[in-house]
Amino acid sequence: MTSAAGAVPLLPPSPQAPVTGQPGAGDRGEGRHCWVRDPPDSPGIWPGLLVEWRQRDGAWQGRVAYTVRGPHGPALVETWLPAARLEPR
């Protein structure tokens, strides 16, 4: 699967994976580096850390932490984003 820009998004867990209480995004429960593409209020591509996956209304979302330029320097953002906005790094 490719995004509109032609980049390959991160792959969420298999459909058989438990939706609640699952470990982090990495193979052993650790986070995974990713690119966050055009998050709300911060257009552009930002380096991030994918912490975990969840499935809501049939669509996968990744919980990510990333920094953006804020009015007083870097600002840390932690949020759930659609899988299509996350790419491997």
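Position one of the sequence shown corresponds to residue 1 (full-length UniProt numbering), numbered consecutively onward.
Just so you know, even glycine gets a beta-carbon here, dropped at the ideal spot from N, CA and C.
Starting from residue i, follow the beta strand (DSSP E) in both directions and report where the run begins and ends.
i: Pro74; result: 73–82
Taking the alpha-carbon of residue i as reference, which of the options has the nearest alpha-carbon?
i: Pro12; options: Asp38, Glu52, Asp57; result: Glu52
i: Ala75; options: Ala83, Ala84, Ala65, Pro82; result: Ala65
i: Glu78; options: Gly62, Pro71, Ala84; result: Gly62
Write down the C-beta distance between residue i and residue j rounded to the nearest angstrom, noting that I regard them as a contact closer than 8 Å.
i: Gly73; j: Leu49; result: Contact flag wrong, Cβ pair sits at about 19 Å.
i: Ala59; j: Leu10; result: In fact, because the Cβ distance is near 14 Å, the residues do not count as touching under 8 Å.
Near residue i, what residues of its chain come up, given a Cβ to Cβ distance below 8 Å and the 5 sequence neighbours on each side ignored?
i: Trp35; result: Ala7, Ile45, Trp46, Pro47, Gly48, Leu86, Glu87, Pro88, Arg89
In chain order, what residues of the same chain lie with their CB nearer than 7 Å to the CB of residue i, ignoring the 5 residues before and after it?
i: Pro71; result: none
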